[in-house]
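One structure is given here, and the rest of the page talks about it.
In UniProt numbering, the protein residues as written are 1 to 426.
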């Protein structure tokens, strides 16, 4: 039997993280001088009066955020619909003629296409709304709040809630991050999409499936495909005919589609720290000073998700063994199955297809394999949620002991790894 030795094996003086006076951080002189803010917007040493004051500010911030998010959601739909309707009215007549052949009106097509792209369901002529409605949503939302703060008068009553939202966003919303994680998210998204576009253009230079388009439309099609591979599942090329390296890159992009947001959510969630054994006195794993904290989340996330994908592929390979082994059906192989499972797990919807039908490869699966695909979609849809109750839904006065818990429990006693002592039991 192993027991925990009460004495830490690597005793070292506990060092507390540097904390900023809360009155200075929020420009609120009415707060007590002892109130401080630590890592990840944790408030410490709050008096009852401080809790009441901060609860009021946070409540007003939540009310303002509700209005901003609602306006953003409906405004994005309306903006996309107006742009698409205006475009179709002045575009080449062949597009309007095609819509007429399909029995669709121009205005209805514009509104339908806008909402499907914002909600990442597919089918429109431009991919840009997919960015604003999916992985770039935290970046765009913070940009809107920042612009409101900069453009509005200083005497405006909403200045205080806007400042609170920008400085302590994760106390109010799970998809609103501090400045550095937001910039990191934007940089990762830009780099990933740029690499994807470059691979599509370079690796298929001599591929008739791609180079049949002129240079301008080819670049636009590559941008569309890069966005769709991580969001909406639409395609501008027959993916079964593109370069195998491009197919593999699409698998990677579909797999990591939600990771930047998932990492940002968990890297800014206080409850994640305690589950990883990170306490306020450990300065070496601070998200502001090093990479260890983020890398811990990345390793956990990657290894955790891979098990589900491997299990899904394994089950489908068992159920579809006869078709996969049949060399006369080249569309059925292990890689297309991998492509299908990753697409389902990432909630993307891309498929290499099947030659004789217009449906995805999943349409040729057995009932059991289709159920596995459904399970992959459900599990993948929920992989970015926080592991525990998120603090964004609690006001300061609803967690009176949380802010000072590190003072109540003596965290310095666990500054170093504990020693395991072995005993024999009869």
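Think of the CB as a built atom: it goes at the ideal place given N, C-alpha and C, for glycine as much as any other residue.
Excluding its 5 nearest sequence neighbours in each direction, residue 373 has C-beta neighbours in its own chain below 6 Å: 344 and 362, listed in chain order.
CA-to-CA, the gap between residue 326 and residue 318 works out to about 14 Å.
Rounded to the nearest angstrom, the gap between the Cα atoms of residue 212 and residue 195 is 22 Å. For residue 208, the enclosing alpha helix (DSSP H) has its first and last residue at 208-211. For residue 335, same chain residues with a beta-carbon under 6 Å away, outside a window of 5 residues either side, do not exist. Contact between residue 312 and residue 376 holds, with the beta-carbon distance rounding to 5 Å and staying under 8 Å. By the C-beta criterion, the segment 103-113 is judged not to be in contact with the segment 191-205, since fewer than 3 inter-stretch pairs fall below 8 Å. Assignment of residue 107 by DSSP, reduced to helix, strand and coil, places it in the helix class. Note on residue 110: 16 or more other CB atoms within 10 angstroms of its CB, so buried under the neighbour-count rule.
Here the segment 60-74 makes contact with the segment 154-167; the two share three or more CB pairs at distances below 8 Å. Judged by DSSP in its simplified three-state form, residue 320 adopts coil rather than helix or strand.
Around the beta carbon of residue 153, fewer than 16 other beta carbons sit within 10 angstroms, so the residue counts as exposed.
Relative to the Cα of residue 370, the nearest Cα in the group 316, 380, 89 and 382 belongs to 316.
Distance from residue 138 to residue 190 at the Cβ level is roughly 14 Å; contact not present, criterion being Cβ atoms closer than 8 Å. The three-state reading of DSSP puts residue 118 in helix, counting H, G and I together. A buried status is given to residue 193, since no fewer than 16 other beta-carbon atoms sit within 10 Å of its beta-carbon.
For the 8 Å CB-CB criterion, residue 210 and residue 248 do not form a contact.
Across the structure, residue 100 and residue 108 are spaced so that their CA atoms are roughly 12 Å apart.
By the neighbour-count criterion, in which 16 or more other beta carbons inside 10 Å mark a residue as buried, residue 118 falls on the buried side.
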